[in-house]
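Colleague: Structure incoming, see below.
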Amino acid sequence: MIDKERRLFFKKASLGIASGAMIATPTTLSATKEIKTTQNQKIGSYIDLTLCDGCKDFDTPKCVSSCRDKNSIHFPEPELPLKPYWPRKQYEDWSNERDRVDRLTPYNWTFVEKVSVNGEDVYVPRRCMHCDNPACMNLCPFGTIEKSKEGMVHIDRDYCMGGAKCRDVCPWEIPTRQAGVGLYLKIAPTLAGGGVMYKCDGCYDLQAKGELPVCQTACPKDAIKFGEFEEIKALAQKRASEIGGYLYGLDEAGGTSTIYISKVPFEEINKAILKDKEAKNDKRAGRPHMKVGIDDKMSDASMWLAATIIAPIAGISAAAIAVHKSKKENSKEEI
Amino acid sequence: MKVKRQSLSNRIVHALTAISIFGLFFTGFGQMPVYKRYMLNEVPFMAWSADYYITLWWHYFFSIVLIAVGFYHLVYHFMRKEFDVLPKKGDVKESVEVIKAMVLGKEEPPSEKYLPEQRLGYAFIVFWIIVMVITGAIKTYKNVLGIEVDGIVMFAAAQIHNLGFFMLIIGVGGHLGAFLFKPNRQLLPAMLWGKICPCYTKNRHSKWEEGVKECEIIINKYGKEVCKEELIEEDKQSKHSKTK
Numbered sequence: 001m002i003d004k005e006r007r008l009f010f011k012k013a014s015l016g017i018a019s020g021a022m023i024a025t026p027t028t029l030s031a032t033k034e035i036k037t038t039q040n041q042k043i044g045s046y047i048d049l050t051l052c053d054g055c056k057d058f059d060t061p062k063c064v065s066s067c068r069d070k071n072s073i074h075f076p077e078p079e080l081p082l083k084p085y086w087p088r089k090q091y092e093d094w095s096n097e098r099d100r101v102d103r104l105t106p107y108n109w110t111f112v113e114k115v116s117v118n119g120e121d122v123y124v125p126r127r128c129m130h131c132d133n134p135a136c137m138n139l140c141p142f143g144t145i146e147k148s149k150e151g152m153v154h155i156d157r158d159y160c161m162g163g164a165k166c167r168d169v170c171p172w173e174i175p176t177r178q179a180g181v182g183l184y185l186k187i188a189p190t191l192a193g194g195g196v197m198y199k200c201d202g203c204y205d206l207q208a209k210g211e212l213p214v215c216q217t218a219c220p221k222d223a224i225k226f227g228e229f230e231e232i233k234a235l236a237q238k239r240a241s242e243i244g245g246y247l248y249g250l251d252e253a254g255g256t257s258t259i260y261i262s263k264v265p266f267e268e269i270n271k272a273i274l275k276d277k278e279a280k281n282d283k284r285a286g287r288p289h290m291k292v293g294i295d296d297k298m299s300d301a302s303m304w305l306a307a308t309i310i311a312p313i314a315g316i317s318a319a320a321i322a323v324h325k326s327k328k329e330n331s332k333e334e335i
Numbered sequence: 336m337k338v339k340r341q342s343l344s345n346r347i348v349h350a351l352t353a354i355s356i357f358g359l360f361f362t363g364f365g366q367m368p369v370y371k372r373y374m375l376n377e378v379p380f381m382a383w384s385a386d387y388y389i390t391l392w393w394h395y396f397f398s399i400v401l402i403a404v405g406f407y408h409l410v411y412h413f414m415r416k417e418f419d420v421l422p423k424k425g426d427v428k429e430s431v432e433v434i435k436a437m438v439l440g441k442e443e444p445p446s447e448k449y450l451p452e453q454r455l456g457y458a459f460i461v462f463w464i465i466v467m468v469i470t471g472a473i474k475t476y477k478n479v480l481g482i483e484v485d486g487i488v489m490f491a492a493a494q495i496h497n498l499g500f501f502m503l504i505i506g507v508g509g510h511l512g513a514f515l516f517k518p519n520r521q522l523l524p525a526m527l528w529g530k531i532c533p534c535y536t537k538n539r540h541s542k543w544e545e546g547v548k549e550c551e552i553i554i555n556k557y558g559k560e561v562c563k564e565e566l567i568e569e570d571k572q573s574k575h576s577k578t579k
């Protein structure tokens, strides 16, 4: 009931704000802690790399520390000793690296990638892109990944088996795994599963209450902004055209709800990320690439759905023809 | 000379069902993240098995074959009013008697065209195929961009689909396990070539009117030489015990 009332308030409020928002600057728009949206509309976000400075004056970027503060209650407490994923000899464990803020881990759902492009430092906050048609959600064999009404993709940690398929099918390999926690320990700890998968959930619980994700409210530079997707998209496009810059996330993997704005091409940013990883021989998960124009691997799904609908019709038609033919043959034999 | 037991249509349906179900088992296992963990992808020529998109498209392909064949089968037999394979009252009790007789090597109660446990097995497998098709269709539907399915429905569909997967493995395992019993092996050629031995038909399926009639015509015309030796012997013994 409270949610409904709150939503109604936002709905009314957004009517007045929407037109003004289109011409306002990103900075002025972030003055409120409430998300402006009409009911059931997709929420999007932009991350403006021209504004983000990686919180140079702080120990930890504010988006990262606020995310950790909010979500620390969900961080895994694995049962020790951890067991390898038989027949393999390894397991995924981040429990001894809980303080790491330089990559995605089960204890760190967002981080700021610092890269140097043409001699200039670029700070790239990274987290789940919240795809429009998320492969992780579609292909989770246990149906434990959901998308909220606002479009935030989140994992049900109580039922996750930690097979890490979501990470394998994610275009950016975002989810990270912690062994020694979760349902698999109660079912077949040696043979199946491997822990629980963790990633940014877009603060869907806050969004459901009409509140903004903590990374936005904590950002001192107003570089992150959530709002109605179309509004956010328009703002991002306007900003990109103003700076003669580039956008990332609108078309990647068939479309996501996260749009990056940059004055340097994302191809260059991606190259810099890969180069840095190579230089550090960093092969572990948690530092996603930024390849441009990633295909939507779920794009064939509509074709298969159509085939699934046609299959019964084909079967019924073939049966009718076969029965008709056999009856005809029988009547010939009788004659 | 043998008795016709399965039409060409039934044999094609059975073959396509078997191929698609085994294909679905393999690709379905591939959707559970196991092939990479269990290193099947490291076996030569099997690297593709760990690619979820490849196994998914093949899973879709086999499911479409199964759905088409399933609808064909249901409509074909419904239109021809052929319901021999559907379970009948008392099948559970009779199945126990037949299995008991097979295990103890005693004489089985007479059967119709299908053995009672065959009818029960058929119903079990068909039921779970229907469950898999419905839950699989929900899963396919929600994969399309722009289609939102409630989280609880998705969770339930995924869990029931997984349960159905294991139930079908049990069903198919039971179906194949039936061939551990020697008498059942006589039925194998029926699904491959469509025909079975007349003496076997007379002995075991004596309540299958059409089959028995055809047997008598064949035996009267060609003599018992058309039967397998051991079945002639069984036929004699069966007659002997009946006269006693």
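Just so you know, the protein sequences line up as chains A and B, in that order. With this note's numbering as the guide, the letters of the first sequence map in order to residues 1 to 335. With this note's numbering as the guide, the letters of the second sequence map in order to residues 336 to 579. Where is the CB? At the ideal position from N, CA and C, for every residue including glycine.
1. List the endpoints of the continuous beta strand (DSSP E) containing A:M197.
2. Are there 16 or more other CB atoms within 10 angstroms of the CB of B:L515, so buried, or fewer, so exposed?
3. Beta carbon of A:Y159: closer than 6 Å to some heavy atom of the ligand ZN?
4. To the nearest angstrom, how far is the alpha carbon of A:G119 from that of A:I273?
5. What are the residues of the stretch 476-494 of chain B that lie near chain A, defined by any Cβ-Cβ distance shorter than 8 Å?
6. Looking at the unbroken beta strand (DSSP E) that takes in A:H154, where does it start and where does it end?
7. With H, G and I counted as helix, E and B as strand and the rest as coil, what does DSSP make of B:K579?
8. Quick check for students: name the residue ranges of the beta strand (DSSP E) that lie wholly in the stretch 220-292 of chain A, counting only runs of 3 or more.
9. Taking B:E443 and B:V431 to be in contact with their CB atoms under 8 Å, please state how far apart those CB atoms are, rounded to whole angstroms.
10. Can you tell me whether A:P106 is buried or exposed? The criterion is at least 16 other CB atoms within 10 Å of its CB, across all chains shown.
11. Can you list the residues of chain A that B:E472 reaches, using a CB-CB cut of under 7 Å?
12. Measuring CB to CB, does A:A177 end up less than 7 Å from A:G195?
13. Which residues, taken in chain order from the stretch 398-431 of chain B, show a beta carbon closer than 9 Å to some beta carbon of chain A?
14. Is the number of C-beta pairs between the stretch 463-478 of chain B and the stretch 538-555 of chain B that are closer than 8 Å three or more?
15. Counting contacts by CB-CB distance shorter than 7 Å, is B:P379 in contact with chain A?
16. Report buried or exposed for B:K474, applying the criterion of at least 16 other Cβ atoms within 10 angstroms of its Cβ.
17. Using beta carbons (cut-off 7 Å, strictly below), is B:Q341 in contact with chain A?
18. Using beta carbons (cut-off 7 Å, strictly below), is A:G163 in contact with chain B?
19. Quick one: does A:E211 have its CB under 7 Å from some CB of chain B?
20. How is B:C532 classed by DSSP in three states: helix, strand or coil?
21. Within a Cβ cutoff of 7 Å, which residues of the same chain sit near B:D419, ignoring the five residues on either side of it in sequence?
22. What do you reckon, are the CB atoms on B:P422 and B:K542 nearer than 7 Å?
23. Could you name the residues of chain E that B:N345 contacts, counting a contact when the two beta carbons are closer than 7 Å?
24. For B:P422, name the three-state secondary structure that DSSP assigns.
25. Got a sec: is the Cβ-Cβ distance from A:M298 to anything in chain B below 7 Å?
26. Please classify A:Q90 as buried or exposed, where buried requires at least 16 other C-beta atoms within 10 Å of its C-beta.
27. Name, going along the chain, the residues of the stretch 387-398 of chain B whose beta-carbon falls closer than 9 Å to a beta-carbon of chain A.
28. Report the CB separation of A:Y184 from A:M161 in whole angstroms; it is logged as a contact under 8 Å.
29. Can you list, in chain order, the residues of its chain whose CB lies under 6 Å from that of A:C293, leaving out five sequence neighbours each side?
30. If you run the structure through DSSP and keep just helix, strand and coil, what is B:G499?
31. Starting from B:E545 and walking both ways along the beta strand (DSSP E), at which residues does that stretch end?
32. Compare the C-beta of A:I316 with all C-beta atoms of chain B and state if any pair is closer than 7 Å.
33. Spatial neighbours of A:T366 within its chain, please: C-beta separation below 8 Å, excluding the five flanking residues on both sides.
34. With a floor of 3 residues, list each beta strand (DSSP E) that falls wholly inside the stretch 61-123 of chain A, ordered by position along the chain.
35. Measure how close the beta-carbons of B:V348 and B:Y395 come, nearest whole angstrom, since I'm counting them as under 8 Å.
36. Buried or exposed: which applies to A:M298, given that a residue is buried once 16 or more other Cβ atoms fall within 10 Å of its Cβ?
Modeller: Considering the structure as presented:
1. 196-198
2. exposed
3. Of ligands this structure carries none, so the ligand ZN is not represented either.
4. 14 Å
5. Of all residues in the stretch 476-494 of chain B, Y476, K477, N478, V479, L480, G481, E483, G486, M489, F490, A491, A492, A493, Q494 have a Cβ within less than 8 Å of some Cβ in chain A.
6. 153-155
7. Caution is warranted here: a pLDDT of 45 is assigned to B:K579, below 50, making its placement in the model unreliable, and the coordinate value is therefore given only provisionally. B:K579: coil per DSSP, three-state reduction.
8. Given a length threshold of 3 residues, each whole run of the beta strand (DSSP E) inside the stretch 220-292 of chain A is given here in chain order: 224-228, 246-248, 258-262.
9. No, B:E443 and B:V431 are not in contact; Cβ-Cβ is about 12 Å, not under 8 Å.
10. That one is buried.
11. Note on identity: in this sequence residue 472 of chain B is Ala, with Glu being the wrong assignment. Those within 7 Å of B:A472 in chain A are T308.
12. For clarity, residue 177 of chain A is Arg in the given sequence; the question names Ala instead. Yes.
13. S398, I399, V400, L401, I402, A403, V404, G405, F406, Y407, H408, L409, V410, Y411, H412, F413, M414, R415
14. In short, these stretches do not touch, since the Cβ pair count stays below three.
15. no
16. buried
17. Not an interface residue.
18. yes
19. It does not: the Cβ of A:E211 has no partner Cβ on chain B nearer than 7 Å.
20. In the three-state reduction of the DSSP assignment, B:C532 falls in the coil class, being assigned neither a helical nor a strand state.
21. E447, K448, Y449
22. no
23. Absent from the structure: chain E. Protein chains present are A and B.
24. coil
25. yes
26. exposed
27. If you check each beta-carbon in the stretch 387-398 of chain B against every beta-carbon of chain A, the ones closer than 9 Å belong to Y387, Y388, L391, W392, Y395, F396, S398.
28. Under the criterion of beta carbons closer than 8 Å, A:Y184 and A:M161 qualify as touching, at roughly 5 Å.
29. It should be noted that the sequence gives Gly, not Cys, for residue 293 of chain A. Leaving aside the five residues that flank A:G293 on each side, none in its chain has a CB nearer than 6 Å to its CB.
30. helix
31. Taken as a continuous stretch (DSSP letters only), B:E545 belongs to no beta strand (DSSP E), being part of the alpha helix (DSSP H) at 544-557.
32. yes
33. Since the first residue shown for chain A is 1 and the last is 335, residue 366 of chain A is missing from the structure and cannot be characterised.
34. You should have 111-117.
35. The pair is not a contact, with the Cβ atoms about 20 Å apart (cut-off 8 Å).
36. Around the beta carbon of A:M298, 16 or more other beta carbons sit within 10 angstroms, so the residue counts as buried.
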